[in-house]
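The working numbering puts the first residue of the sequence shown at 493, with every later residue one more than the last. Just so it is clear, CB atoms sit at the ideal spot from N, CA and C, and this is done for glycine as well. Everything numeric in this text was worked out from a predicted model, so none of it was measured. A quick write-up on the structure given underneath.
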Amino acid sequence: GCVVALCGLGSPLILFLLPVAILHAVVRPAERSVPFLAAATLTSAVQLWYLSASAGARPSVPLGASVEALGRILVNQTVYALLLGRSGFSAGIERWPWLDYPLSVGVVSVALLSLLAVVAVRGPYAFRLFLMYAGIVLGATLVSATVTGPTQWESLSHPGAGARYFLFGMLSVVFALGWLATRNSLVARAAGISALAIILFTGVRADWRHHAQPKHDYESFARELESAPPGTVLETPIEPPGWTVKLVKR
């Protein structure tokens, strides 16, 4: 239910619930899995119809797949984005450039996947289903994401780019760290609590406030448009930076 609420009925993410619903119906048929499967099937059918009707509307950007880019996507979007925050990522990489070295990215990637694997094996059943869903979303993102840039994977390696695709991956990491923080092992508990504390006091704090929007002189633009002769095309900048809007005086 929480996943459905986060996705929204119109989101393509609803479609990825169907494999989870099928597995749940097979493994735990007594836990009201049939209504869940029916709801997932119905919403998936609606979403498939919508996707087929809007095929070809997505921008075409080269994939740019590579092992190094995959590591950066996993680490930057689900680890550094949590620990440093989107706002603090650039400052953190500039202060500690070794965080972006291929060796560092590889070590953090292995640590991340190991943590998720351990929690998937030893953790609760619900987490396995959630991790399965997050993995399907990540796989679909890596195959076809709506982003702009030289390549899809290069663009996705920057925290904040396509952030909607990594929400469930980030939640998986937070849940895994929460599970660690409740273990009997002192080392596991200390690691989980420390990581969650860094996320709370560093990552969340860095992204708590949005920067003030730059002021554009729209009053002067409106006056210029009003006094311009019919047929005049005027252009003015809008947010985000680099975007503009063109208006034609009628």
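Beta-carbon spacing of residue i, residue j below 8 Å
| i | j | result |
| --- | --- | --- |
| Ala626 | Tyr657 | no |
| Tyr593 | Phe581 | no |
| Gly670 | Leu688 | yes |
| Ala532 | Leu509 | yes |
| Leu507 | Ser525 | no |
| Ser664 | Arg564 | no |
| Thr643 | Gly556 | yes |
| Arg742 | Pro721 | no |
| Ile730 | Val737 | yes |
| Ala698 | Ser579 | yes |
Per-residue DSSP class, three states only, for residue i
| i | result |
| --- | --- |
| Glu727 | strand |
| Thr694 | helix |
| Trp590 | helix |
| Leu576 | coil |
| Arg520 | coil |
| Gln705 | coil |
Alpha carbon of residue i to alpha carbon of residue j, nearest angstrom
| i | j | result |
| --- | --- | --- |
| Leu596 | Ser647 | Looking at the sequence itself, residue 596 is Ser, so the reference to Leu does not match. Each residue's alpha carbon lies about 20 Å from the other. |
| Gly734 | Pro554 | 21 Å |
| Gln705 | Val567 | 29 Å |
| Ser686 | Thr724 | 60 Å |
| Val639 | Leu630 | 14 Å |
| Leu659 | Thr570 | 8 Å |
| Ser560 | Leu575 | Here residue 560 is Glu; the residue named in the question, Ser, does not match the sequence. Taking the straight line joining both Cα atoms gives about 21 Å. |
| Ala618 | Phe528 | 14 Å |
| Ala668 | Leu607 | 7 Å |
| His702 | Ala583 | 16 Å |
| Ile628 | Leu692 | 27 Å |
| Ile690 | Leu672 | 15 Å |
| Gln539 | Ala632 | 15 Å |
Where the alpha helix (DSSP H) containing residue i begins and where it ends
| i | result |
| --- | --- |
| Val666 | 659 to 673 |
| Val740 | Element bounds for Val740: not the alpha helix (DSSP H) but the beta strand (DSSP E), 735 to 740. |
| Leu634 | 617 to 635 |
| Arg715 | 710 to 719 |
| Trp645 | 644 to 648 |
| Ala561 | 559 to 567 |
is_contact[residue i, chain D] using C-beta, thresh 8 Å
| i | result |
| --- | --- |
| Pro554 | Of the chains in the structure shown, none is chain D; there is only one protein chain. |
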